[in-house]
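Using the working numbering, count along the sequence shown one by one with no gaps and you end on 411.
Glycine residues also receive a C-beta, built at the ideal position from the N, C-alpha and C atoms.
What follows is a set of notes on a single structure, which appears directly below.
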Amino acid sequence: MRADFHLHTHYSDGRYSPEQVVQKAAEAGLEGLAITDHDTAGGIAEARSACLKANIEFVSGAEISSAISDNEIHILAYNFDPEYESLLGLFESQQERRLQRALEFISVLRKNGVDLAPDEELALGIGNRGEAIGRPHIARMIVASGSAASMDDAFGEYLVPGSPTFVPKSFPGVEEVLKLVREAGGVSILAHPGHMTSHADLIKLIDLGLDGVEVVHPSHDKVLQKYYGELADRLKLIATGGSDYHGWQRGDEENLGNYFVHWVSGGNLFHPRTL
Ligand code: AMP
Ligand code: ZN
Ligand code: FE
Ligand code: FE
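What follows is the structure, encoded as C-alpha cells:
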C-alpha cells in the first residue's frame, strides 16, 4: 500500500487538524500514514481514530529536534507507545523550550521595530498542552504585522541564522532521543538526511543505534533518493519516506500523494534493525 510517513498538523507547525490531514491523504490515494508533528504526540489519538474511520493504516509518529556534534537533526520516531511517560516528558520539555524561544523572538522582533500585535503572546496558545510552537508561527505574525510580504520573506529577513533577530534553539542530544524512543517501543529514523546532515554524522548516528533513514522526501532529488535507498539496503536500515506536508508550504498540495513508500501491512517495515 502507498504510505506517507511524514505529515504535519496544527499540533505543531502544520495548517490542518489531524482529521483534515487524514481526509486529504485519503483523497490523494494514500492507504497508510503517520503524522509526525514536531516534538509532540498531541495529535496521535485524533489521527488514529480518523484513520480507523477512513480505513487507512496508521502508525504513531513524531519528528524530534535533536543535535549531533552541534548540528541540528530531526529524528522521526515511529511505532512508539504514545503514552510512554519518559518520552512524553521529553516532548513537554521540548514544547517549553519552543515556547520560551517564541517569546524571545517576539521580544527581540519588537525591539527591532517589528510592530507585532499586542496580544501575540496569547495567540501562541500558552496553556494549549500538546502543541509545539515553531518559527512558522512567528513568521505568520510578522506577515500579519506588515513587516514581511510572505512567509519566505519573514524567514529570510528575521528568522534564520545570520539575521540580527535570530534566536538559536537548544536541543537534546541524540543519544537521549534514541534511548527514549527505543524504551517507548519505537524506532528512530533520520529525517531528510540529504537536506542537513553530513555523511560523517550519519555514520555516527548509525553507530549510536539509528534504525533507519528517510529515503523519499521532497528535498531529495532522484540521485539522493537512490543513494540513501542503497545505503539503507546495504546496512539493513529501515527505509521510509513521505511528503513533509504542512498545508502551507510551497509544493505541499502537489507533493501529497506523490512522495510515498510501499508499506506491507503486517510486514516488517517498523521492526527495529537487528544486527
Ligand atoms: P523550528 O522547529 O521552530 O526551528 O522551525 C522549523 C520549521 O520551520 C521547519 O519544520 C519548516 O516547517 C519551517 N521552515 C524552516 N525554514 C524555513 C524557510 N526558510 N521558509 C519557510 N519555512 C521554513
Ligand atoms: Zn515543520
Ligand atoms: Fe524536518
Ligand atoms: Fe517535517
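Member of the options whose CA lies at the smallest distance from the CA of residue i
i, options, result
"valine 349", "Met332, Ile374, Gln361, Ser286", "Ile374"
"glutamine 159", "Asn191, Leu212, Leu295", "Asn191"
"threonine 376", "Trp399, Asp175, His146, Gly322", "Trp399"
"glutamine 361", "Ala327, Asp388, Ala275", "Ala327"
"alanine 198", "Glu312, Ala213, Pro297", "Ala213"
"glutamate 182", "Glu221, Gly249, Gln156, Gly330", "Gln156"
"alanine 275", "Asp347, Gly282, Ala290, Thr333", "Ala290"
"glutamate 421", "Leu338, Lys358, Phe307, Gly330", "The displayed coordinates of the chain run from 137 to 411. Any statement about residue 421 would go beyond what the structure contains."
"alanine 238", "Ser229, Gly249, Glu257, Asn248", "Glu257"
"leucine 314", "Pro254, Ile211, Ala162", "Ile211"
"isoleucine 200", "Glu221, Glu219, Thr172", "Thr172"
Residues that DSSP places opposite residue i in a beta bridge
i, result
"valine 150", "As written in the sequence, residue 150 is glycine, which differs from the valine given in the question. Answer is none; glycine 150 lacks a bridge partner."
"asparagine 207", "Ile204"
"arginine 138", "His398"
"isoleucine 374", "Gly348"
"alanine 213", "Ala198, Ser324"
"tyrosine 381", "Leu143"
Where residue i falls: helix, strand or coil (DSSP)
i, result
"histidine 174", "strand"
"glutamate 193", "strand"
"leucine 392", "coil"
"glutamate 155", "helix"
"glycine 387", "coil"
"leucine 169", "strand"
"serine 222", "helix"
"alanine 336", "helix"
"glutamate 319", "helix"
"histidine 331", "helix"
"aspartate 369", "helix"
"aspartate 357", "coil"
"alanine 164", "coil"
Own chain residues within Cβ distance below 6 Å of residue i, not counting five before or after
i, result
"phenylalanine 141", "Ala170, Thr376, Gly378"
"methionine 137", "Glu167, Gly168, Trp399"
"valine 310", "Ser202, Ile204"
"phenylalanine 241", "Ile274, Val303"
"histidine 356", "Gly330"
Own chain, CB closer than 7 Å to residue i, minus 5 neighbours either side, in chain order
i, result
"asparagine 391", "Pro354, Ser379, Tyr381"
"leucine 411", "Only weak support is given to the placement of leucine 411: the predicted model assigns it a pLDDT of 28, under 50, and the value that follows is read from those uncertain coordinates. Same-chain partners within the cutoff: there are none."
"aspartate 149", "His174, Gly270, Pro272, His273, His382"
"phenylalanine 216", "Ser196, Leu223, Val317, Ala320, Gly321, Gly322"
"serine 299", "Glu293"
"aspartate 388", "Tyr381, His382"
"phenylalanine 227", "Asp175, Thr176, Ala177"
"proline 408", "Because the pLDDT of proline 408 is 34, which lies under 50, any placement of that residue in the model is unreliable, and the number read from its coordinates should be weighed accordingly. For proline 408, where only same-chain residues beyond five positions count, the Cβ hits under 7 Å are Val323, Asp347."
"valine 296", "Phe302"
"leucine 106", "Because the chain here runs from 137 to 411, residue 106 falls outside it and cannot be looked at."
"glycine 393", "Ala164, Gly165, Leu166"
Contact set for residue i: own chain, Cβ-Cβ below 8 Å, skip 5 residues either direction
i, result
"glutamate 267", "His146, Tyr147, Ser148, Thr176, Gly178, Gln231, Gly261"
"lysine 340", "Ile204, Ser205"
"phenylalanine 396", "Arg138, Ala139, Asp140, Leu166, Val352, Gly377, Gly378, Ser379"
"phenylalanine 194", "Gly168, Leu169, Ala170, Ala183, Arg184, Cys187, Leu188"
"proline 365", "Residue identity check: residue 365 is glycine in the sequence provided, not proline. So the qualifying residues of the chain are Val351, Ala375."
Residue i CB to nearest heavy atom of ligand 5 below 6 Å
i, result
"histidine 146", "Ligands present in the displayed structure are limited to ligand 1, ligand 2, ligand 3 and ligand 4, and ligand 5 is not among them."
Handout entry: Uninterrupted alpha helix (DSSP H) stretches inside the segment 226 to 309 (no shorter than 4 residues)
Key = 256 to 259, 271 to 281, 287 to 290
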